[in-house]
Every structure is written in C-alpha cells, then in structure tokens.
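Each residue of the sequence shown is one higher than the one before, counting from 1 in the UniProt record's numbering.
Each residue gets a CB set at the ideal place from its N, CA and C atoms; glycine is no exception.
Working notes, structure below.
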Amino acid sequence: MHTAEHVLNQTMVQLFECNRSFSNHLERKKSKCDYHFNRPLTSEEEQVIVGKVNEILMQHLDVTEQIVRREDAASQFDLDKLPDATGEEIRIVRVGDYDACPCIGEHVKNTKEVGEFVLGTASYDNGVLRIRFKLKRPQ
C-alpha cells in the first residue's frame with residue numbers, strides 16, 4: 001500500500017502541479033490521501049489518475065532505498081512529515097526513476113508486487129481533495 005501511495009503522490013504532482021499529500025491513512029483494505037487542492041476532480045481526471053498509477057505499477061519498477069545525511073536530504077526533499085526522532089540519517093525510497101521521497105514506511109521490492117490501483121472515491125471539501133483507494137493484489 002505504501003508504494004502505491006508514493007506512485008499516487010508523484011502522479012498528482014505531475015498531473016496537477018500540487019504538493020504531495022499532506023495527510024494519509026494507509027491500511028491493507030483501503031487507504032486515503034488528502035491534498036490541498038482548489039476544486040473537485042472531474043470523472044475524466046479520476047480515470048487519468050487511475051490509468052497513470054496503474055501504468056507505472058505495471059512497469060515493474062524496482063523500489064530501492066538510500067540512506068543520506070539529514071542536511072543532504074533537506075536540500076532536496078521536504079522533511080516535515082518525518083517524525084522528529086528520525087535522526088541524522090534519512091532513508092530515501094525510490095520507485096524506479098518515477099518517484100523519490102523520504103520515508104520510514106514498509107515497501108515492496110518491485111512494483112509488480114503491488115497489484116492494481118483501484119479508486120474508491122474522490123471527494124472535495126473546503127480546499128481538501130481526498131482520494132480513497134484500495135489495491136487488487138496480483139494473482
């Protein structure tokens with residue numbers, strides 16, 4: 001689920017030039033990501049998001065990690081969502097060449113393990129776009 005969230009975040013950044021989700025809740029059965037946004041998504045935009053996320057997942061990209069010094073990470077990434085106790089070494093998780101992000105979560109080794117991204121709902125309220133999703137595991 002965590003790797004799918006990374007791909008969704010990068011897809012939102014690329015398609016809408018917004019920031020990564022400011023809040024998320026990831027569970028095995030269903031998850032959600034919240035974005036600062038200025039309007040609801042159209043049904044066509046929802047379909048484009050699903051298509052792009054699944055396109056990336058089906059590329060079977062390696063998911064790797066790199067440990068970097070905090071000051072080096074801070075020059076490239078927003079570290080605000082990391083816990084204060086993270087320390088002076090930061091783990092950067094990369095999904096192929098598609099996404100790189102500081103992260104403490106668990107990830108698969110390759111996107112082929114994620115399965116299919118399925119959009120549940122997308123709702124908009126008071127400047128927040130919430131995308132709910134689940135994964136259909138590979139057979």
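| Query | Result |
| --- | --- |
| Our contact map puts V114 next to T3 with C-beta atoms below 8 Å; I'd like the distance itself, whole angstroms only. | 5 Å |
| Can you look up V93 in the DSSP assignment and give me helix, strand or coil? | strand |
| Does any residue of chain D bring its CB to less than 8 Å from the CB of E89? | Absence of chain D from the displayed structure is noted, only one protein chain being present. |
| Can you tell me whether A74 is buried or exposed, with buried defined as 16 or more other CB within 10 angstroms of its CB? | exposed |
| By the DSSP assignment, the alpha helix (DSSP H) with Q66 in it spans what residues? | Where Q66 is concerned, there is no enclosing alpha helix (DSSP H), although the beta strand (DSSP E) it sits in stretches over 63 to 69. |
| Helix or strand or just coil, what does DSSP make of D84? | helix |
| Taking all protein chains shown into account, decide if R137 is buried (16 or more other Cβ within 10 angstroms of its Cβ) or exposed. | exposed |
| Would H36 be called buried (16 or more neighbouring beta carbons within 10 Å of its own) or exposed? | exposed |
| Using 8 Å as the threshold, is the segment 4 to 18 in touch with the segment 94 to 102, meaning 3 or more CB pairs across them? | yes |
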